[in-house]
Amino acid sequence: MLIALLFILLVSSLVYAWYIHTQDDGLPIFITRILLPLAVGAAISSVLVSYLYQKNNFYVLLLPAERYAAHRFVLTFILTATAIVLFQPLFTSIRYNVGKVLHLQSVEEMPAYEQPTFLSLGEWHVDRMRVIPIHTYENGKGWNYNKVHLKSLFLLPIFSQKNAYQNAAKAWLAFKYENTISKEEFARNKGRPYFEQSLSHFKKINVGAFLYFELYDQGTEKQVLTQLARNHSYFKSSYSAVYQGNSVDRDWISLRYFVYTLLGFLLVVVPIYWLIIRYLIAIDGDDEQSLRHIE
1 MLIALLFILL
11 VSSLVYAWYI
21 HTQDDGLPIF
31 ITRILLPLAV
41 GAAISSVLVS
51 YLYQKNNFYV
61 LLLPAERYAA
71 HRFVLTFILT
81 ATAIVLFQPL
91 FTSIRYNVGK
101 VLHLQSVEEM
111 PAYEQPTFLS
121 LGEWHVDRMR
131 VIPIHTYENG
141 KGWNYNKVHL
151 KSLFLLPIFS
161 QKNAYQNAAK
171 AWLAFKYENT
181 ISKEEFARNK
191 GRPYFEQSLS
201 HFKKINVGAF
211 LYFELYDQGT
221 EKQVLTQLAR
231 NHSYFKSSYS
241 AVYQGNSVDR
251 DWISLRYFVY
261 TLLGFLLVVV
271 PIYWLIIRYL
281 IAIDGDDEQS
291 LRHIE
């Protein structure tokens, strides 16, 4: 089972690495982060479990022995679910390690209609006086139904230092602030103290001190930011990419999330799989050799 899990992660990683290295990251993150390991995991684990079931007549102790399909489904589900969970930090590690990077001497060289995952610029210019702010709130759901989620988004056009404001912006730089408060507090002040705090902090930070830019994740927030940019006088549809600034080395971020994946595998997955194999799975004519075969 552990070998099958590693194989699922390997195939998912190779597919995602090819995509993020060769293509602009235009797919919703749900597809690459969830559906990819789900599809790969379901395909590989179903084949493996069917093979093992023919080779060794195993069954899950908690299920009736005659429910053959249910036994296979449970093991397929365990493998696929585990692969999805472990792929989350691995996804981030791969993104920062092999994501498509565009190196330019100046933002003025930005190709039209391109939106690389990472953008490295020699010279560029932003002016906080050109900012477009938006403050939103959303009622919590599920366990947070009595909470209100506050969000402040700030959007700046990115120009070249040599001809700032003379042409359309070549890209857009976004800043995001989030907080969650109770509905009672929101009823008293409508979140104004938080919004004012976000604006105050935005006015103090150095908006031009970033090592590189990272493409904003696909989703509702990016749609809102793109719509804000369209209302700006310096907007041009061929240069609508929205980025976030980052000052942390990409290799360091990649290594950190790879370590998270490794620790999750060794400290969580391996013990859980051992317990499953030891106490939840039985084999007709169970012996040491057949147990080793499943492991």
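For what it's worth, full-length UniProt numbering labels the leading residue of the sequence shown as 1, then goes sequentially. Idealized CB from N, CA, C, for every residue including glycine.
{"Item": "So, for residue 208: in the same chain, excluding its five sequence neighbours on each side, which residues have a beta-carbon less than 7 Å away from its beta-carbon?", "Value": "126"}
{"Item": "Is the Cβ-Cβ distance between residue 173 and residue 243 less than 8 Å?", "Value": "yes"}
{"Item": "Could you tell me the alpha carbon to alpha carbon distance between residue 261 and residue 95, rounded to whole angstroms?", "Value": "14 Å"}
{"Item": "For residue 117, does the three-state DSSP call read helix, strand or coil?", "Value": "coil"}
{"Item": "Taking a contact to mean a Cβ-Cβ separation below 8 Å, would you say residue 84 touches residue 142 in this structure?", "Value": "no"}
{"Item": "Output the distance between the C-alpha atoms of residue 8 and residue 25, rounded to the nearest integer angstrom.", "Value": "22 Å"}
{"Item": "Could you tell me which whole beta strand (DSSP E) segments of length 3 or greater appear in the stretch 75-137?", "Value": "101-106, 118-123"}
{"Item": "Less than 8 Å between the beta carbons of residue 98 and residue 160, yes or no?", "Value": "no"}
{"Item": "Which runs of the alpha helix (DSSP H), 4 residues or longer, sit entirely within the stretch 247-272?", "Value": "250-264"}
{"Item": "Find out if the Cβ-Cβ distance for the pair residue 245, residue 213 is shorter than 8 Å.", "Value": "yes"}
{"Item": "Going by DSSP, what residue range makes up the alpha helix (DSSP H) through residue 224?", "Value": "220-230"}
{"Item": "Opposite residue 26 in the DSSP bridges: which residues?", "Value": "Paired residue(s): none; residue 26 is not in a bridge."}
{"Item": "Does the beta-carbon of residue 170, which I'm using as the reference point, lie nearer than 7 Å to any heavy atom of the ligand SAH?", "Value": "Judged by which ligands are present, the structure shown has none, so any question about the ligand SAH falls away."}
{"Item": "State the beta-bridge partners of residue 157 as determined by DSSP.", "Value": "172"}
{"Item": "Return the residue from the list 18, 193, 238, 150 that minimises the CA-CA distance to residue 176.", "Value": "150"}
{"Item": "Excluding the 5 residues flanking residue 133 on each side, which residues of the same chain have their C-beta closer than 6 Å to its C-beta?", "Value": "154"}
{"Item": "How would you label residue 116, buried or exposed, when you count the other beta carbons within 10 angstroms and need 16 or more for buried?", "Value": "buried"}
{"Item": "For the alpha helix (DSSP H) containing residue 186, name the first residue and the last one.", "Value": "183-189"}
{"Item": "Straight-line CA distance for residue 239 to residue 233?", "Value": "13 Å"}
{"Item": "What are the partner residues of residue 151, as DSSP defines its beta bridges?", "Value": "136, 178"}
{"Item": "Which same chain residues end up closer than 7 Å to residue 273 when comparing Cβ atoms and leaving out the 5 residues on each side of it in sequence?", "Value": "1, 2"}
{"Item": "Alpha carbons only, please: which of 139, 220, 205, 215 is nearest the one belonging to residue 180?", "Value": "139"}
{"Item": "Could you pull out every residue in the same chain whose Cβ sits closer than 6 Å to the Cβ of residue 103, ignoring the five residues on either side in sequence?", "Value": "120"}
{"Item": "Taking residue 79 and residue 164 to be in contact with their CB atoms under 8 Å, please state how far apart those CB atoms are, rounded to whole angstroms.", "Value": "Not really, about 54 Å apart at Cβ, beyond 8 Å."}
{"Item": "Can you list, in chain order, the residues of its chain whose CB lies under 7 Å from that of residue 122, leaving out five sequence neighbours each side?", "Value": "104, 105, 106"}
{"Item": "Give the C-beta separation of residue 146 and residue 183 to the nearest angstrom, bearing in mind that I take them to be a contact with Cβ-Cβ under 8 Å.", "Value": "6 Å"}
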